[in-house]
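Just so we're aligned: 60 in the numbering used here is position 52 of the sequence shown, and the numbers increase by one with no gaps anywhere.
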Amino acid sequence: MRTRIITDLDDVLVKSMPAFIYWLSKELGKRVHISDLLSSNPEEFFSKYGITLTHASVDAQKQFFSDERNLENLKPYGARLDRLNCSVITGRGYEVEGVTKDWLRKNCRFEGVVIMTNWDSEYNHKKSDYILRSSPDIYIDDNAQILAEIRAMDSERRTLLRLVTRPWNQCSLRGIKDESYIKRVKGFQEAVSQGV
Ligand SMILES: [Mg+2]
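Take a look at the structure:
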């Protein structure tokens, strides 16, 4: 049976953060630098710009990722999904499902299942639950917290967890030993090739 893969979308397949940072700079009226993410965790990053992570930054991200005009022309990392047994999961809302599927078709040759978990729905914080329920062979995300949640609950180690290294998660996973079950990768392609 082919390896079953579920992957996160933004900042794994899509270069979303640079566009979000650019948009945020315009919204705040001050220049936000992506390099500020290099040495800080998200809380420090957002507090530097006077945004509290729990409310305003989530609102800003929600606003950015709910607007089709922001999402149409985002740049891809270059992954192709057409030969894989792969589904895509995202925290984006249902209102951008169409533009999200179009983007994946155009940039990743992807015609498969997109799981919209929606910022506003009860499922927003249950991305990890979804992965645990479906137990794919590999799960890929740039969010270390979600991977840590899955790791804590997946006692049988059924799903290989892969953290795509990005500037904002360099400090994460410090307490977790790198092992075959959970480890960092440079990108989607590396995650896929390791898991087969
Ligand atoms: Mg992501």
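Ideal Cβ positions, reconstructed from N, Cα and C, are used throughout, including at glycine.
Since we're looking at a predicted model, the values are computed, not measured.
{"query": "Note down the Cα distance separating Asp19 from Arg174, rounded to an integer number of angstroms.", "result": "8 Å"}
{"query": "For the alpha helix (DSSP H) containing Asn126, name the first residue and the last one.", "result": "Careful: Asn126 lies outside any alpha helix (DSSP H) and carries neither H nor E."}
{"query": "Taking Ile190 as the reference, give the member of Ile148, Arg113 and Phe73 with the closest Cα.", "result": "Ile148"}
{"query": "Compute every distance between the C-beta of Asp18 and the non-hydrogen atoms of ligand 2, then say whether any falls below 7 Å.", "result": "With respect to ligand 2, the structure shown offers nothing to examine, as its ligands consist of ligand 1."}
{"query": "Compute the Euclidean distance between the alpha carbons of Lys38 and Asp162, then round it to the nearest angstrom.", "result": "42 Å"}
{"query": "Does DSSP put Tyr138 in a helix, in a strand, or in coil?", "result": "helix"}
{"query": "Among Asp67, Asp145 and Glu103, which residue has its Cα nearest to the Cα of Ser95?", "result": "Asp145"}
{"query": "How would you call Leu36, buried or exposed, if buried means at least 16 neighbouring beta carbons within 10 angstroms?", "result": "exposed"}
{"query": "In the DSSP output, what is Asp16 paired with across the bridge?", "result": "Ile97"}
{"query": "In whole angstroms, what separates the C-alpha of Lys83 from that of Val22?", "result": "6 Å"}
{"query": "Below 7 Å, is the gap between the Cβ of Asn151 and the nearest heavy atom of ligand 1?", "result": "yes"}
{"query": "When you compare only the Cα positions, how much space is there between Phe28 and Gly106?", "result": "20 Å"}
{"query": "Per DSSP, what kind of secondary structure is Tyr30 in: helix, strand or coil?", "result": "helix"}
{"query": "Which word fits Lys34, buried or exposed, when buried means at least 16 other C-beta atoms lie within 10 angstroms of its C-beta?", "result": "exposed"}
{"query": "For Leu168, collect the residues of the same chain with a Cβ closer than 7 Å to its Cβ; drop the 5 residues on either side in sequence, then sort them by chain order.", "result": "Asp145, Ile146, Tyr189 and Gly203"}
{"query": "Suppose contacts are defined by Cβ-Cβ distances below 8 Å. Is Gly195 in contact with Tyr102 by that definition?", "result": "no"}
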